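One structure is given here, and the rest of the page talks about it.
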Amino acid sequence: MEKRTLLAVVLSVLVITIGFSIQNALFPPDDFIAERPVPRASTEPDSRDPADPGTVTARPDSMEIRAVPDERASVREIVFESSNMRVTMNAAGAVITSLELLNHRDGGEPVNMVLQGDDGDPAMLTRFGGPDGRPVTEAFRFNQVSNNEFEFTRDFYLAGNEDEPFELTKRYRFEPGEYLFNIEVELRNTVNAAIPLNIDGFAYTLGFGPQIGPQFTELDGRNEFRRFVTLTQGSRRLERDSTELSEGEREILDQRVEWAGLAGKYFALIGIPDQTRYSIVFDSQPVSGLVRGHQMSFARPAIRQSFNTDTFRVYAGPKTPDALTRYDSADSNAYRISNLNLDQVLDSRPLLGWLENVLRLGLNMFYRIIPNYGVAIILLTILVKALLYPLTRKSFTSMKRMQELNPKMNELKEKYKNDQQKQQQALAELYKKEKVNPLGGCLPMVLQIPFFIAMFGVFNNSFDLRGATFIPGWIDDLSVSESIFSWSGFALPVVGNDIRLLPLIFLGSQLFTSKFMQPAGGAQSGAQQKMFKYLLPAFIFFVLYNMPAGLLVYMILTNVTTGLQQYWSQRGTKKAPAAG
Numbered sequence: 000m001e002k003r004t005l006l007a008v009v010l011s012v013l014v015i016t017i018g019f020s021i022q023n024a025l026f027p028p029d030d031f032i033a034e035r036p037v038p039r040a041s042t043e044p045d046s047r048d049p050a051d052p053g054t055v056t057a058r059p060d061s062m063e064i065r066a067v068p069d070e071r072a073s074v075r076e077i078v079f080e081s082s083n084m085r086v087t088m089n090a091a092g093a094v095i096t097s098l099e100l101l102n103h104r105d106g107g108e109p110v111n112m113v114l115q116g117d118d119g120d121p122a123m124l125t126r127f128g129g130p131d132g133r134p135v136t137e138a139f140r141f142n143q144v145s146n147n148e149f150e151f152t153r154d155f156y157l158a159g160n161e162d163e164p165f166e167l168t169k170r171y172r173f174e175p176g177e178y179l180f181n182i183e184v185e186l187r188n189t190v191n192a193a194i195p196l197n198i199d200g201f202a203y204t205l206g207f208g209p210q211i212g213p214q215f216t217e218l219d220g221r222n223e224f225r226r227f228v229t230l231t232q233g234s235r236r237l238e239r240d241s242t243e244l245s246e247g248e249r250e251i252l253d254q255r256v257e258w259a260g261l262a263g264k265y266f267a268l269i270g271i272p273d274q275t276r277y278s279i280v281f282d283s284q285p286v287s288g289l290v291r292g293h294q295m296s297f298a299r300p301a302i303r304q305s306f307n308t309d310t311f312r313v314y315a316g317p318k319t320p321d322a323l324t325r326y327d328s329a330d331s332n333a334y335r336i337s338n339l340n341l342d343q344v345l346d347s348r349p350l351l352g353w354l355e356n357v358l359r360l361g362l363n364m365f366y367r368i369i370p371n372y373g374v375a376i377i378l379l380t381i382l383v384k385a386l387l388y389p390l391t392r393k394s395f396t397s398m399k400r401m402q403e404l405n406p407k408m409n410e411l412k413e414k415y416k417n418d419q420q421k422q423q424q425a426l427a428e429l430y431k432k433e434k435v436n437p438l439g440g441c442l443p444m445v446l447q448i449p450f451f452i453a454m455f456g457v458f459n460n461s462f463d464l465r466g467a468t469f470i471p472g473w474i475d476d477l478s479v480s481e482s483i484f485s486w487s488g489f490a491l492p493v494v495g496n497d498i499r500l501l502p503l504i505f506l507g508s509q510l511f512t513s514k515f516m517q518p519a520g521g522a523q524s525g526a527q528q529k530m531f532k533y534l535l536p537a538f539i540f541f542v543l544y545n546m547p548a549g550l551l552v553y554m555i556l557t558n559v560t561t562g563l564q565q566y567w568s569q570r571g572t573k574k575a576p577a578a579g
């Protein structure tokens, strides 16, 4: 009996702590699709394209593109600000150097979706040719078309063809209150001939990088991650996870996509191209000054006409259903666009996603009553434990009955120790006579496991908990680990540079619970009892040490309520004979 009790408790605790990870491993959000690597730029000479006589498909070193001198071009910064976004553009390259989300904080400052390295790497950088082509960093002429539309223009020419320049225009359009904006890349030749941009089959590449915010110190796949995601024919596919794409690795997707994105735990940058068949490039080239670099690019095939405009839409904002689904209905957004299905970037759990959504609704319901998510977590935990109490009580009662049968079970085991078949038959007859199900203690616990996993998912991934304060000055953000003391310099194993109080409270609550869960008068060995009472809580303490504060609040309260339920169950069992 004691072994079954120990097994049930160990199973339940391990499921609570690592069940979320197990579910992701067994049922990943989407199939992993490994694509072929992007060929690096070559210096071998190339021949004429037989499909386009008169147009040379050139290698990067066989053609040089220069800017036409222009006194009207100047290096300057332009800022657009709305109620939810502040975007800083630079006329040097017509790029975005900062994109701040004003309603979301990162260390007291707005979340910046453009993390730059030491070299001031910008986003929306254009390169002539493919992803290794020369970056366009020259100053552009600037024209503000309207309060929310900004235009950058510069003339270029192919070396040796100074009399036939072409014009490159990048046009940004923002709408107040939206996390989505437009970029138009326009190319216009001065002669009635194809635009002279055909480098390895590409005209230009538009880059989305070098990294999206918020700031991070590591990508552990749980507290923070970066994932390359695409949507093709309405089906979301996880192309690469930050833990799977080695630093410096690059991959390309040649198929047409509805959109491609770089997603973190709470925020995402999604590029929605027009109907042109771009090559999508995912890149993890290192960036000086950043922990990791992650870039996404759209490489545009060579253009066969003298004038061309490509339109990209870019979503840069939170991974919340409200913000993402507004672009599924034309009546819900300023662009009058629909059916973008951006909510497919959300991380979904095929088995228990529905239960997570129900619990999240309950969490927000309590928050509306008492506007403190820490209190809401406590109330939701109590509600779930109360609803599951009939199963919990049945489990406790069954384990208690099995405990009482221990002496008789041990007698039968000793009597038939040399005959396993008779031993099993005798034990089965004993269970039948006493009307006890040997699995009665474990089964109710197993039935509660889906709730444990779903609660784990809610408190570990809920966007609502990001930046939510529970106890000011101590637990200021329920989505990250709390700390009561930090130091610089050397780091201790597991603990790192922070002493955290919640894991210590959790350890105490686990020891409190194990006191009531410890079988009284059982036949457990001393080693089993020590593992159950001390080693298991210590192991879980280190597993949970760097977990989000909201999850630990839930785990602590779960331990306390479980211990109290077991106490009242044991008390009721002891009083029952006297009442009879």
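Going by numbering that gives the first Met the number 0, the first residue of the sequence shown is number 0, and it counts up by one from there.
Ideal Cβ placement from N, Cα and C applies to all residues, glycine included.
These numbers come from a predicted model, not from an experiment.
At a cut-off of 7 Å, would you count residue i as near the ligand HEM, judging by its Cβ distance to the nearest heavy atom?
i, result
"residue 280", "Although the ligand HEM was asked about, the structure shown includes no ligands whatsoever."
Is the beta carbon of residue i less than 8 Å from the beta carbon of residue j?
i, j, result
"residue 372", "residue 453", "no"
"residue 591", "residue 477", "There is simply no residue 591 to check, as the chain begins at 0 and stops at 579 in what is shown."
"residue 164", "residue 125", "no"
"residue 388", "residue 565", "no"
"residue 92", "residue 210", "no"
"residue 181", "residue 380", "no"
"residue 501", "residue 535", "no"
"residue 228", "residue 202", "no"
"residue 445", "residue 355", "no"
"residue 151", "residue 168", "yes"
"residue 374", "residue 267", "no"
"residue 205", "residue 296", "yes"
"residue 84", "residue 198", "no"
"residue 581", "residue 283", "Because the chain in this structure spans residues 0 to 579, residue 581 falls outside the shown range and cannot be described."
"residue 249", "residue 281", "yes"
"residue 494", "residue 544", "yes"
So, under 8 Å CB-CB, residue i and residue j are touching, yes? Tell me the CB distance rounded to an integer number of Å.
i, j, result
"residue 279", "residue 302", "Between residue 302 and residue 279 the Cβ distance is about 18 Å, and since that is not below 8 Å, they are no contact."
"residue 559", "residue 511", "7 Å"
"residue 271", "residue 312", "4 Å"
"residue 287", "residue 118", "6 Å"
"residue 79", "residue 149", "7 Å"
"residue 265", "residue 104", "Not confirmed; about 11 Å, so no contact."
Have a look at residue i and residue j and give me their C-alpha separation to the nearest angstrom.
i, j, result
"residue 231", "residue 488", "47 Å"
"residue 253", "residue 245", "21 Å"
"residue 179", "residue 208", "16 Å"
"residue 307", "residue 193", "10 Å"
"residue 145", "residue 89", "17 Å"
"residue 492", "residue 474", "23 Å"
"residue 450", "residue 128", "52 Å"
"residue 567", "residue 480", "33 Å"
"residue 235", "residue 416", "57 Å"
"residue 365", "residue 346", "24 Å"
"residue 429", "residue 418", "17 Å"
"residue 405", "residue 358", "39 Å"
"residue 577", "residue 390", "At residue 577 the pLDDT is 43, less than 50, meaning the model places this residue with poor confidence and gives no usable figure here."
"residue 186", "residue 469", "53 Å"
"residue 216", "residue 109", "18 Å"
"residue 580", "residue 370", "Residue coverage of the chain in this structure runs from 0 to 579, which leaves residue 580 outside it and unanswerable."
"residue 274", "residue 257", "9 Å"
"residue 77", "residue 123", "15 Å"
"residue 562", "residue 455", "19 Å"
"residue 318", "residue 75", "32 Å"
"residue 503", "residue 554", "12 Å"
"residue 433", "residue 441", "18 Å"
"residue 26", "residue 69", "Per-residue confidence for residue 26 stands at a pLDDT of 42, beneath the threshold of 50, marking its modelled position as unreliable; no derived number is given."
"residue 64", "residue 285", "27 Å"
"residue 499", "residue 547", "11 Å"
"residue 226", "residue 259", "11 Å"
"residue 437", "residue 397", "8 Å"
"residue 402", "residue 538", "27 Å"
"residue 73", "residue 106", "34 Å"
"residue 385", "residue 448", "15 Å"
### Task
Examine the Cβ distances between the segment 98-115 and the segment 128-135 and report whether three or more of them are shorter than 8 Å.
Touching, no, given that fewer than three Cβ pairs across the two stretches are closer than 8 Å.
### Message
Threshold first: 4 residues or longer. Then list the alpha helix (DSSP H) segments lying entirely within the segment 337-402, N to C.
### Response
Counting only runs of 4 or more, we get 352-368, 372-386.
### Task
Decide yes or no for the touch test of the segment 152-170 against the segment 317-330: beta carbon pairs closer than 8 Å, at least 3 of them.
Remark: fewer than three beta-carbon pairs, one from each stretch, lie closer than 8 Å, so the segment 152-170 and the segment 317-330 are not flagged as touching.
### Message
With three or more C-beta pairs closer than 8 Å as the rule, is the segment 170-179 touching the segment 330-348?
### Response
With contact defined as three or more Cβ pairs closer than 8 Å, the segment 330-348 and the segment 170-179 are in contact.
### Inside the segment 215-269 only - beta strand (DSSP E) runs reaching at least 3 residues
Complete beta strand (DSSP E) runs here, min 3: 226-231, 234-240, 249-252, 258-262.
### the segment 193-205 contacting the segment 90-107, beta-carbon criterion three pairs below 8 Å
With the cut-off at 8 Å, the segment 193-205 and the segment 90-107 do not touch.
### Task
Pick out the complete beta strand (DSSP E) segments inside the segment 467-503, 3 residues or longer, and give them in chain order.
Counting only runs of 3 or more, we get nothing.
### Task
Can you check the segment 50-113 for any alpha helix (DSSP H) of at least 4 residues that lies completely inside it and give the ranges in chain order?
Secondary structure in the segment 50-113: no alpha helix (DSSP H) run of 4 residues or longer lies completely within the stretch.
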